[in-house]
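Every letter in the sequence shown is one number past the one before it in this note's numbering, and letter 101, counting from 1, is 105. First the structure, in the form of structure tokens, and then the observations on it.
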Amino acid sequence: MLEGKIVITCAVTGAETTKEQNPALPITVEEVVRAAVEAREAGAAILHLHVRDASGRPTQSVARFKETIEAVRRKTDIIIEITTGGAVGDTAEERLRPVAELEPEMASLDCGTVNFGNDYIVNTLPVMRQFAATFHDHGVRPTLECFDLGHVYSSLTLLKEGLLEGPLHYGFVLNVPGAVPWNPDNLEAFKRAMAPGSDFTVMGIGRSNLSAQYGAIAAGGWIRVGFEDNVYYAKGRLARSNAELVERAVRISKEAQLEPASPGEVRKHLKLRG
Ligand code: ZN
């Protein structure tokens, strides 16, 4: 825990969200850079990054990630956490290539197989071992994304096998259709199963997002907001920008006497390569 602080991650684009759902969705490199700068100015310490190709489809292209990461770094000191989730059908090698070749400070590591709406995410233990070993070799801090309670236990298997080393940071993804709903009991079960002393960020998908932020604060966790998880500010009212969602997360955190941590504080706390 970072005493008196909360770490806010902003997931500005994601793989699934479309401009039809929210016209303010950042897709191009320029749009993503602007969203990252605004999110940082609003109080986010971590940018969770997906990239899209010229037609707006999600891609794990190393060149696209490189261009985007370099452009973000020129403008802001926000920590960059790239996705390794990829798109349905990508091989493990394709999903991992940006981690191995670009060595970002952080990246997501999906901890198991799960329903994802009408699709599904597949991560066998051998694939997770391959991911964890690659992250380790390249000094990339994983966010251990858990969509199911079994995923938290799978992370403990990796830990026991020496494939993960602390400080551990979990991302609990709740309310994905077909997976675990957001509620305080489910969050508590995830939290209790994780390796003691770990940090965790709560990601409430869709309409659960705001309630999950309050839940994260109450449980001593961190917050994720952004168009990947939710495009609304309130029922029937689209968010004007990712930054607008960060601004509210900062307001409610401050009401709970928590100051948003700076990227520098998070780098030190999570022992990022920097
Ligand atoms: Zn993502």
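The C-beta atom is built at its ideal place from N, Cα and C for all residues, glycine as well.
Between the ligand ZN and the CB of residue 112, the shortest heavy atom gap is smaller than 8 Å. Shortest gap from the CB of residue 208 to any heavy atom of the ligand ZN: 8 Å or more.
Taking one beta carbon from each stretch, the region 89-106 and the region 155-162 have fewer than 3 pairs nearer than 8 Å; the two do not touch.
Around the C-beta of residue 185, fewer than 16 other C-beta atoms lie within 10 Å, and the residue is accordingly described as exposed. Residue side-chain check: residue 253 keeps its Cβ at 8 Å or more from all non-hydrogen atoms of the ligand ZN. Per the coordinates, the alpha-carbon of residue 79 lies some 7 Å from the alpha-carbon of residue 41.
Of the candidates 43, 57, 90 and 36, 36 places its Cα closest to the Cα of residue 75. Between residue 55 and the set 247, 64 and 48, the nearest pair of CA atoms involves 64. With respect to the C-alpha of residue 170, the residue from 183, 201 and 197 having the closest C-alpha is 201. Of the heavy atoms belonging to the ligand ZN, none sits nearer than 8 Å to the Cβ of residue 199. According to the DSSP secondary-structure assignment, residue 55 is paired through a beta bridge with 63. Distance from the CA atom of residue 106 to the CA atom of residue 142, rounded to whole angstroms, is 9 Å. A heavy atom of the ligand ZN is found nearer than 8 Å to the CB of residue 19.
Residues 49 of the same chain have their beta carbon placed closer than 8 Å to that of residue 266, with the five preceding and five following residues left out of the count. A distance criterion of 8 Å places the beta-carbon of residue 273 beyond contact range of the ligand ZN, judged by its closest non-hydrogen atom. Under DSSP, no beta-bridge partner is assigned to residue 94. The beta carbons of residue 104 and residue 86 sit no closer together than 9 Å. Secondary structure at residue 257: helix, using DSSP grouped into helix, strand and coil.
Counting only residues of its own chain and dropping the five nearest sequence neighbours on each side, residue 197 has a CB closer than 8 Å to the CB of 153, 156, 157 and 160.
When beta bridges are read from the DSSP output, residue 15 appears opposite 52. Taken through DSSP and simplified to helix, strand or coil, residue 142 comes out as coil. Taken in chain order, the whole alpha helix (DSSP H) runs of length 4 or more contained in the region 153-232 are 153-164, 188-197 and 213-223. Under the DSSP assignment, residue 238 falls in the beta strand (DSSP E) whose first and last residues are 236-238. In the three-state DSSP reduction, residue 9 falls in the strand class (E or B).
When beta bridges are read from the DSSP output, residue 264 appears opposite 10.
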